[in-house]
Amino acid sequence: MKNYIKKLSYLLLSFTLILGSCEVEESLTLTSPEASFTLDTPGISTVFLNFALPNNPAFTISWKDQLSSGADYTIEMATDADFTSPATLGTTNSSNFSMTVDAFNKAINNAGVTNFSDVAIYMRVKAGSNTTNTILMLVTTFPVNAPTFTGVKDGDVFVLSLDNNDALAVTFGWNDPILDSSLPVDIEYILEAALPNTDFAKPIEAGKVKNMNSISLTNAQLNTIAIQAGIPVDTAGNVSFRIRSIITDAASGSILERIATPITINVTTYLTVLDLSTTWGVVGSAANNWGATPDLPFFKTAVAGVLTAYVNLVAGEFKFRENNDWANNYGSDSSTGGTITSGGGNLTTTGGSYKIVLDLNNLTYSIESFSLGIVGGAYNNWGATPDFMLEYDQYSDVFRGIVTLIDGEMKFRMNNDWGTNYGDNGADGTLEDGSANIVVTAGIYIATVNLKDLTYSLEKIDHVWGLVGGAYNNWGATADAKFKRDWSKPFNDVWFLNNVTLIDGEYKFRANNDWGTNFGDNGGDGVLENGGANLVTVAGTYSFVLDFSNPDAPTYTKN
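Position one of the sequence shown corresponds to residue 1 (full-length UniProt numbering), numbered consecutively onward.
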């Protein structure tokens, strides 16, 4: 009986163990370890793409893959975490991937991103049907697309006129999304012009701004640009314009340049300066030693056939002749005015400044003392020394001069005499005989007087140019050779110096008889640099032209 009970106990225990094992097995899920395909989070989460280092790596990512061996991996990016529109950055069979600054910047641009700072870029890696986790980078990019013109389009027509000389003619605008970004960069925009189909081989700078999206041109400015490009006066012609955008890397000096697609407009030009020249002149011992130099010129007036000359004569004789030649000349037996005859006798003068009127219609002439000058405490202590004389500007039919004044008062007067003197009541730019003194501050001025309507202007400028050097004045032992402003180019900053005699040696150009601003030529390319190398010459008589119309690259010529 005991043996039976013992056997039964063993049977019950075995059954209990069997039931317990089944219960445990049903509560456990036993699997093998899952393979890992994981994109590592890179050491940086913000990326700055520097255009100055286009071939440097922008990023490097790596991943772990226990699913595949030697698989082909595709690297994708998107601008949203859901990868709505993924873009492929590249493929590789290794477990890491790099991309250059330039290539990554282009990929982001191609994704349609329009902002430049903190651009959210999501990345993942795919191998067959397997995909890694997603990582996020915040990227600062640089612009790729060029600006696009606004406000002006191909084929627009502009008819310009002297009556609207100072009025606005056109505003060139442009779109450039980087201007709306918060990036701390300076963007320089240069508006350039050229004739169509010249590929801007010789561009004309029409304007320059920084961090702005428009440049406006007056009738005068657009007219000058069109004429410089090659459109004749009073003619309609096509001119192409483009915008160059320049960003400079401060550290390296590297430049990112983008050029807008050009547009072509039609411009009708106008005459900006008068052509009052004639073929007639004054010749004689009183004028030019009987033709040793060109005759003193006569100019047209409002009456056809009636000419005027403003001349400085010395004591002696003179006549009138055409084309600097004796084939057609006039003289008279009277030096006080009257009739003239072909081949007539010499006229005489005691010398001075004169206005001569020659009437070829009636064969008469007249001569009178004439000069217009500046007098005052601001110039010559009210006449203690001679007045500053203005010269006739044939291109505008006014009188002009460049004068240095001190703080004080001044007036204009005729013939160094108080008989006719002009001031300005009300400081309105209009002259009245015997009126109030004109108050000025110290500086260099372009003084202009129009005797037809008795208006005037005083335009302050910074520089008067001169030639200095061992080849001329022993580097400033005497006054520099003084340039004159070219009034035939009223919208350009051009100066000329004619028939200056130099000896073997060196020279430079400087402003205001002072070394604070002086220009030489590094490399002998005709472009001047402030503080540049001395210019070298052999002895001779020369004429010079200085062109400061482009202050960033002034030029000079020597003939």
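We treat Cβ as the ideally placed atom computed from N, Cα and C, and that holds for glycine.
Since we're looking at a predicted model, the values are computed, not measured.
| query | result |
| --- | --- |
| Rounded to a whole number of angstroms, what is the C-alpha to C-alpha distance between residue 385 and residue 464? | 22 Å |
| Name the two residues that bound the continuous beta strand (DSSP E) containing residue 360. | Neither: residue 360 is in no beta strand (DSSP E) and is coded neither H nor E. |
| Given this structure, state the Cα-to-Cα distance separating residue 138 from residue 46, to the nearest angstrom. | 5 Å |
| With a threshold of 8 Å, are at least 3 pairs of Cβ atoms found where one atom belongs to the stretch 494 to 501 and the other to the stretch 516 to 526? | no |
| With 16 as the cutoff for other CB atoms within 10 Å, does residue 136 come out buried or exposed? | exposed |
| Using a threshold of 9 Å, state whether the C-beta atoms of residue 460 and residue 445 are closer than that. | yes |
| Which class does residue 4 belong to by DSSP, given the choice of helix, strand or coil? | The pLDDT assigned to residue 4 is 37, lower than 50, so where the model puts this residue is not dependable, and the model offers no usable value. |
| For the beta strand (DSSP E) holding residue 87, just list the boundary residues, first then last. | 87 to 92 |
| Tell me whether residue 29 sits in a helix, a strand or coil according to DSSP, three-state version. | With a pLDDT of 33 at residue 29, under the threshold of 50, the modelled position of that residue is not reliable, and no figure is offered here. |
| Indicate whether residue 239 and residue 267 have their beta-carbon atoms separated by less than 9 Å. | yes |
| Let me check understanding here. Comparing Cα to Cα, which of 313, 272, 57 lies closest to residue 96? | 57 |
| Measuring only the C-alpha atoms, how far is residue 515 from residue 457? | 29 Å |
| Helix, strand or coil: which one does DSSP assign to residue 194? | strand |
| Does residue 132 pass the burial test, meaning 16 or more other C-beta atoms within 10 Å, or should it be called exposed? | buried |
| In three-state DSSP terms, what is residue 393? | strand |
| So residue 104 and residue 65 are supposed to be a Cβ contact under 8 Å. How far apart are they, rounded? | About 23 Å separates the two Cβ atoms, so there is no contact after all. |
| Would you identify the three-state DSSP class for residue 104, choosing helix, strand or coil? | helix |
| In or out: residue 48 buried (at least 16 other Cβ within 10 Å) or exposed? | exposed |
| Measuring CA to CA, which of 140, 453, 99 is closest to residue 55? | 99 |
| Alpha carbons only, please: which of 348, 307, 408 is nearest the one belonging to residue 361? | 307 |
| Do you know whose CA, among 63, 225, 248, lies nearest residue 142's CA? | 248 |
| In the DSSP assignment, find the unbroken beta strand (DSSP E) run with residue 224 in it and report its ends. | Segment 219 to 229 is the alpha helix (DSSP H) holding residue 224; no beta strand (DSSP E) there. |
| May I have the straight-line CA-CA distance separating residue 33 from residue 68, to the nearest angstrom? | For residue 33, the predicted model reports a pLDDT of 42, less than 50, meaning its position is unreliable and no value from the coordinates is stated. |
| Consult DSSP for residue 61 and reduce its assignment to one of helix, strand or coil. | strand |
| Name the two residues that bound the continuous beta strand (DSSP E) containing residue 319. | 316 to 322 |
| Comparing alpha-carbon positions, which option in 156, 263, 216 lies nearest residue 194? | 263 |
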